[in-house]
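Sequential numbering from 8 applies to the sequence shown in my numbering. Everything below concerns the one structure shown next.
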Amino acid sequence: MKRLYHYRPMLVLAIFASLFAVLTEALIFCSTMVFNTDYYVWTISNSGADKALYHELDDYFNQYSSPTGIPKEVYTKSLNEEKVSATAKKLTRSSLEYMFGRSLAKPEVDYDYTDFENDVTEYVEKHAEANNIEMDKEYYAFIDNTIDVAEKKVNSSFDILMAKKLATSSSSSVLKRIVPELSLGIGICIVVLAVLLGLMFYIDRHHPFDMPYWFGTIFFACGALFLIPSLYCRLTGYFDGLFMEDQSIYYAITGAIYGVTNRLILVNGILFALGIVLMIFAQVIHIFRVREAKLYSHEHHHA
Numbered sequence: 008m009k010r011l012y013h014y015r016p017m018l019v020l021a022i023f024a025s026l027f028a029v030l031t032e033a034l035i036f037c038s039t040m041v042f043n044t045d046y047y048v049w050t051i052s053n054s055g056a057d058k059a060l061y062h063e064l065d066d067y068f069n070q071y072s073s074p075t076g077i078p079k080e081v082y083t084k085s086l087n088e089e090k091v092s093a094t095a096k097k098l099t100r101s102s103l104e105y106m107f108g109r110s111l112a113k114p115e116v117d118y119d120y121t122d123f124e125n126d127v128t129e130y131v132e133k134h135a136e137a138n139n140i141e142m143d144k145e146y147y148a149f150i151d152n153t154i155d156v157a158e159k160k161v162n163s164s165f166d167i168l169m170a171k172k173l174a175t176s177s178s179s180s181v182l183k184r185i186v187p188e189l190s191l192g193i194g195i196c197i198v199v200l201a202v203l204l205g206l207m208f209y210i211d212r213h214h215p216f217d218m219p220y221w222f223g224t225i226f227f228a229c230g231a232l233f234l235i236p237s238l239y240c241r242l243t244g245y246f247d248g249l250f251m252e253d254q255s256i257y258y259a260i261t262g263a264i265y266g267v268t269n270r271l272i273l274v275n276g277i278l279f280a281l282g283i284v285l286m287i288f289a290q291v292i293h294i295f296r297v298r299e300a301k302l303y304s305h306e307h308h309h310a
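Right, dumping it as structure tokens:
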């Protein structure tokens with residue numbers, strides 16, 4: 008392909024346009040996925056993390072029944088998968104909303120333990136009556152302690168993405184300042200990108216057939232920068248090696264990461280392919296224009 012018109016200024020503008028295109032895409036991805044609470048709530052179910060959480064609680068109470076002498080079925084009678092899932096999602100949403108500066112209410116577990124406490128208390132009291140055990144202060148202290156330990160375990164388990172822990176840490180203050188300003192950042196990047204593209208159109212206004220090439224390079228560069236590392240992480244299962252003590256947390260976190268990775272691959276695969284198509288298209292245009300010019304020259308030469 009022949010050297011393009013206004014090559015140096017167009018190359019400089021294309022480089023800066025590519026940088027701002029990358030920055031714009033990164034900010035949009037952060038806004039729509041990384042800092043999107045709905046995405047993480049959806050991920051909890053989509054990854055199977057809520058089901059894993061329910062089974063973990065079931066296993067915990069199976070083990071907890073041994074030292075307390077209370078059957079697992081008593082503890083799990085009031086627990087069901089739907090309630091566990093709904094509570095984990097609600098805590099995740101409130102924690103992320105607080106961490107991202109969209110809510111001033113500190114995240115707390117919202118779970119009604121009334122039935123749970125009644126089931127445990129009723130069983131222990133019936134057991135005491137059947138075995139002629141005196142239900143004194145110490146006995147009721149045992150009941151209260153048993154319930155308290157169990158509830159603390161369940162409460163901590165609901166923090167399936169460790170969002171509450173992060174939201175109440177000192178590091179969340181940075182996100183509270185940054186996340187609300189994302190829209191402004193996206194707007195600034197889009198304006199700058201539009202100005203750069205406008206300058207490219209103006210400089211090359213007399214040679215519009217060169218523009219597909221420059222747009223192709225921008226799409227190609229932007230797509231490749233995100234596509235290559237995303238494909239590497241996905242194809243190698245890079246995040247599969249993350250160590251999490253609880254399977255539910257592992258499912259939730261890896262599910263969220265791979266969800267973002269898959270979206271990056273999809274969007275940037277399209278941009279990458281479009282960039283190649285536009286550059287090839289520019290080359291085809293050039294070939295036809297050269298042939299047309301030669302034919303025109305040949306006809307006038309013999310006229």
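Backbone N, C-alpha and C fix where the C-beta goes; we use that ideal spot for every residue, glycine too.
If you draw a straight line from the Cα of residue 60 to the Cα of residue 241, it comes to about 25 Å. DSSP, reduced to helix, strand and coil, places residue 175 outside both helices and strands of the structure shown, so it counts as coil. Residue 102: member of the alpha helix (DSSP H) spanning 88-106, first to last residue.
With contacts defined as CB atoms closer than 8 Å, residue 56 and residue 262 qualify as a contacting pair. Membership of residue 39 in any alpha helix (DSSP H) is not indicated, and neither H nor E is assigned to it by DSSP.
Around the beta-carbon of residue 105, 16 or more other beta-carbon atoms lie within 10 Å, marking it buried. Taking a 10 Å sphere around the C-beta of residue 159, we find fewer than 16 other C-beta atoms and assign the residue as exposed.
A straight-line Cα-Cα distance of about 23 Å links residue 32 and residue 246. Straight-line measurement puts the Cα of residue 38 at about 28 Å from the Cα of residue 253. In this structure residue 170 does not touch residue 268 by the C-beta definition: roughly 20 Å separates them, more than the 8 Å allowed. Secondary structure at residue 144: helix, using DSSP grouped into helix, strand and coil. Within the segment 173-230, the runs of alpha helix (DSSP H) at least 4 residues long that lie entirely inside it are, in chain order, 179-185 and 189-210.
Note that the C-beta distance between residue 223 and residue 285 is below 8 Å. Per DSSP, the unbroken alpha helix (DSSP H) holding residue 74 starts and ends at 56-75. Using a Cβ distance threshold of 8 Å, residue 28 and residue 225 count as a contacting pair. A Cβ-Cβ separation of about 6 Å places residue 35 in contact with residue 193 under the 8 Å criterion. With contacts defined as CB atoms closer than 8 Å, residue 116 and residue 165 qualify as a contacting pair. Membership of residue 137 in the alpha helix (DSSP H) is indicated by the continuous run 121-137. In this structure, 256 is the residue among 256, 75, 65 and 53 with its C-alpha nearest to the C-alpha of residue 172.
Two segments are said to touch when three or more pairs of C-beta atoms, one from each, lie closer than 8 Å; by this definition the segment 119-126 does not touch the segment 193-205. For residue 76, the number of other beta carbons within 10 angstroms of its own is below 16, and it is reported as exposed.
With a threshold of 16 other beta carbon atoms within 10 Å, residue 96 meets it and is buried. The Cβ-Cβ distance between residue 279 and residue 227 falls below 8 Å.
The C-beta distance from residue 182 to residue 107 rounds to 6 Å, short enough to fall under 8 Å.
Taking every protein chain shown into account, the CB of residue 143 has fewer than 16 other CB atoms within 10 angstroms, so this residue is exposed.
Taking the Cα of residue 16 as reference, the smallest distance to any Cα among 50, 209, 184 and 230 is reached at 209. In the structure shown, residue 109 adopts coil according to DSSP, grouped into three states.
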